[in-house]
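In what follows, a structure is listed as structure tokens, so that the remarks can point back to it.
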Amino acid sequence: MQNQQQVAVIGGGVMGVCSAYFLAQAGHEVVVIERRGNVAEESSHGNAGLSGPASVAPWAAPGMPRQLWSMLLKSTAPAILRPSLDPVLWRWLKRWRSECELERFRVNHARMQRISAYSSALLCQLEHQHQLDFEQTQGYLQLFRDEKTLKLAAPALALLADQGATYRMLDADAACQIEPGLVRSTQIGRLAGALQLPQDGSGNCALFTKQLKLITQAMGVQFRFGSTVAAIETARSGVILRLREDGIEKNFNADAVVLAAGVDSALLLQTLGIRIPLYPVKTYCATVPIKNLDAAPIAVVMDESYKVALTRMGNRVRLAGTIELGSKASVLHANAQRTLRMVGTDWFPDAANYNHASFWSGALPMLPDGAPLLGATPIDNLYINLGHGSTGWAMAVGSGKVLADMVSGQSPEIDMEGLGLSRYAAAFGA
Numbered sequence: 001m002q003n004q005q006q007v008a009v010i011g012g013g014v015m016g017v018c019s020a021y022f023l024a025q026a027g028h029e030v031v032v033i034e035r036r037g038n039v040a041e042e043s044s045h046g047n048a049g050l051s052g053p054a055s056v057a058p059w060a061a062p063g064m065p066r067q068l069w070s071m072l073l074k075s076t077a078p079a080i081l082r083p084s085l086d087p088v089l090w091r092w093l094k095r096w097r098s099e100c101e102l103e104r105f106r107v108n109h110a111r112m113q114r115i116s117a118y119s120s121a122l123l124c125q126l127e128h129q130h131q132l133d134f135e136q137t138q139g140y141l142q143l144f145r146d147e148k149t150l151k152l153a154a155p156a157l158a159l160l161a162d163q164g165a166t167y168r169m170l171d172a173d174a175a176c177q178i179e180p181g182l183v184r185s186t187q188i189g190r191l192a193g194a195l196q197l198p199q200d201g202s203g204n205c206a207l208f209t210k211q212l213k214l215i216t217q218a219m220g221v222q223f224r225f226g227s228t229v230a231a232i233e234t235a236r237s238g239v240i241l242r243l244r245e246d247g248i249e250k251n252f253n254a255d256a257v258v259l260a261a262g263v264d265s266a267l268l269l270q271t272l273g274i275r276i277p278l279y280p281v282k283t284y285c286a287t288v289p290i291k292n293l294d295a296a297p298i299a300v301v302m303d304e305s306y307k308v309a310l311t312r313m314g315n316r317v318r319l320a321g322t323i324e325l326g327s328k329a330s331v332l333h334a335n336a337q338r339t340l341r342m343v344g345t346d347w348f349p350d351a352a353n354y355n356h357a358s359f360w361s362g363a364l365p366m367l368p369d370g371a372p373l374l375g376a377t378p379i380d381n382l383y384i385n386l387g388h389g390s391t392g393w394a395m396a397v398g399s400g401k402v403l404a405d406m407v408s409g410q411s412p413e414i415d416m417e418g419l420g421l422s423r424y425a426a427a428f429g430a
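In terms of the UniProt record's numbering, the sequence shown opens at residue 1 and continues consecutively.
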């Protein structure tokens with residue numbers, strides 16, 4: 001290993017805290033810089049909770065553009081497109097649509113599977129090593145409302161078969177045996193079928209991140225909360241961060257920097273001449289107390305038509321999904337709230353009073369092809385851990401270990417093909 005370095009990690013979400021943990025484990029002196037007052041207060045806070053590798057797939061998939069466009073004008077829909085003249089949005093959508101081609105889907109799916117499978121194995125190790133309890137569940141059930149949606153899943157099913165993943169296709173009766181609270185008929189129609197992934201599951205991402213923060217602090221990691229990075233500058237040796245703390249600007253010198261600041265990462269990189277197609281996609285979640293445990297989901301249930309996950313988190317149900325493009329405002333869109341309530345009421349009507357749900361919205365750092373960006377940049381001693389999108393929790397632990405290995409001068413334990421900046425030919429330059 002290289003000599004001990006002082007490493008600054010920008011971002012206190014699950015990516016940043018996982019990076020800090022493995023950097024400290026490798027012997028480095030680590031400081032996490034976070035603008036909020038605690039860890040996991042932005043996109044990690046409202047995470048759906050999916051933590052298994054088999055369910056991780058790109059949002060850019062065959063048939064997805066037509067499926068989304070056909071539902072955009074409905075009052076309940078998986079996506080909301082706000083009218084915008086922002087050319088960045090339309091360039092991102094154009095690139096995303098090209099990634100929906102079957103061959104591109106296969107490539108992107110394989111990259112995401114590689115890092116998520118690695119991450120799942122490491123998460124199990126952490127769970128047992130530190131006796132963590134972050135409201136884990138076991139099992140994943142993907143619901144198909146009609147035969148058309150079921151046919152659209154064929155490419156993903158073929159890839160699962162090729163990878164040797166454990167899965168079962170179920171009819172409505174079999175699905176209801178696994179999830180007794182699930183109803184066969186909804187306001188929209190009958191359950192056409194379901195995909196079971198028994199080895200996948202869920203966990204409370206924010207709770208895990210806070211538990212790991214305590215562990216890293218015991219390892220010597222420092223956290224600077226209420227600290228915003230205004231700029232990253234290069235130095236003869238190391239990197240200089242321009243910080244704003246309590247209205248005061250100050251410099252912070254580090255031997256190396258890991259950028260894991262979610263959607264804000266793109267602007268910081270752009271000032272250094274690195275342009276990546278990272279776009280802030282707004283997402284929503286609703287969390288509601290369970291009133292009838294027997295009628296609530298046992299683990300993870302995914303509504304494939306509406307792209308909404310229902311996750312059991314202790315004595316609560318979380319419904320997460322519905323994306324909004326073209327809006328950076330923090331306003332809770334009424335249609336998004338309506339969609340989440342409708343999905344919960346449709347499948348598990350007696351589990352909770354969904355009118356009493358607490359809603360949250362945040363920005364997901366999404367790349368058009370789905371896989372994250374990990375590793376070195378053209379700037380010496382600057383590394384990135386970003387772009388994980390809606391399934392970041394499933395890739396977080398592995399991403400943190402990969403980053404720590406690279407900073408330490410070690411080769412990662414997995415193939416890094418397609419997971420670095422080199423996959424974007426135009427990433428460097430003006």
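Virtual Cβ for every residue (Gly too), placed ideally from N, Cα, C.
Just checking my contact of residue i with residue j at CB under 8 Å: how many whole Å lie between their CB atoms?
i, j, result
"D162", "G326", "Actually they are not in contact, since the Cβ atoms of D162 and G326 sit about 36 Å apart, beyond 8 Å."
"M302", "T76", "Incorrect: roughly 16 Å between the Cβ atoms, too far for contact."
"V14", "T209", "5 Å"
"F372", "R95", "The residue asked about is misnamed: residue 372 is Pro in this sequence, not Phe. Wrong, their Cβ atoms sit about 16 Å apart, outside the cutoff."
"E245", "G226", "6 Å"
"T322", "Y279", "Between Y279 and T322 the Cβ distance is about 16 Å, and since that is not below 8 Å, they are no contact."
What three-state label does DSSP hand residue i in the structure shown?
i, result
"E34", "strand"
"Q25", "helix"
"A320", "strand"
"R242", "strand"
"V257", "strand"
"N335", "helix"
"I232", "strand"
"W393", "helix"
"A379", "Sequence check: residue 379 is Ile here, not Ala. Here I379 sits in coil by DSSP."
"G429", "Here the model assigns G429 a pLDDT of 43, short of 50, so the residue's position is not dependable and the matter cannot be decided."
"G262", "helix"
"A77", "coil"
"K250", "strand"
"S51", "coil"
"G370", "coil"
"M342", "helix"
"F225", "strand"
"P297", "coil"
"M1", "Summary for M1: the model assigns pLDDT 43, below 50, so the residue's position carries little reliability; its value from the coordinates is reported in the next sentence. Here M1 sits in coil by DSSP."
"S422", "helix"
"residue 442", "A query on residue 442 cannot be resolved here, the shown segment of the chain reaching from 1 to 430 and no further."
"S237", "coil"
"T209", "helix"
In the DSSP assignment, the beta strand (DSSP E) including residue i goes from what residue to what residue?
i, result
"R184", "Note, R184: premise wrong, no beta strand (DSSP E); not H, not E."
"Y306", "Element bounds for Y306: n/a, residue is neither H nor E."
"W92", "Premise fails: W92 lies in the alpha helix (DSSP H), P87 to S98, not in any beta strand (DSSP E)."
"M219", "From DSSP, M219 is part of no beta strand (DSSP E); its letter is neither H nor E."
"M169", "R168 to L170"
"Q199", "G193 to S202"
Measure the C-alpha to C-alpha separation of residue i and residue j and round it to an integer number of angstroms.
i, j, result
"F144", "A174", "13 Å"
"C176", "V183", "7 Å"
"G11", "L241", "13 Å"
"N47", "G400", "18 Å"
"G164", "A153", "17 Å"
"R236", "D380", "10 Å"
"E99", "G63", "11 Å"
"A299", "L310", "8 Å"
"P378", "W92", "23 Å"
"R36", "L89", "27 Å"
"P277", "K328", "16 Å"
"L386", "A352", "35 Å"
"H73", "N335", "Residue 73 is actually Leu in this sequence, not His. Using only the alpha carbons, I get a separation of about 10 Å."
"I232", "N253", "10 Å"
"L272", "A266", "10 Å"
"L23", "V9", "10 Å"
"P155", "L319", "26 Å"
Following the continuous alpha helix (DSSP H) through residue i, name the residue where it begins and the one where it ends.
i, result
"P280", "From DSSP, P280 is part of no alpha helix (DSSP H) but of the beta strand (DSSP E) over Y279 to P289."
"M64", "M64 to W69"
"V7", "From DSSP, V7 is part of no alpha helix (DSSP H) but of the beta strand (DSSP E) over Q6 to I10."
"Y140", "Premise fails: Y140 lies in the beta strand (DSSP E), T137 to F144, not in any alpha helix (DSSP H)."
"Q113", "L102 to Q129"
"K328", "K328 -> no alpha helix (DSSP H), and no H or E assigned at all."
"P155", "A154 to D162"
Using a Cβ-Cβ distance under 9 Å, would residue i count as near chain C?
i, result
"A309", "Structure shown: chain C not included; a single protein chain is present."
Based on the DSSP secondary-structure assignment, which residues constitute the bridge partners of residue i?
i, result
"H388", "M366"
"R190", "S185"
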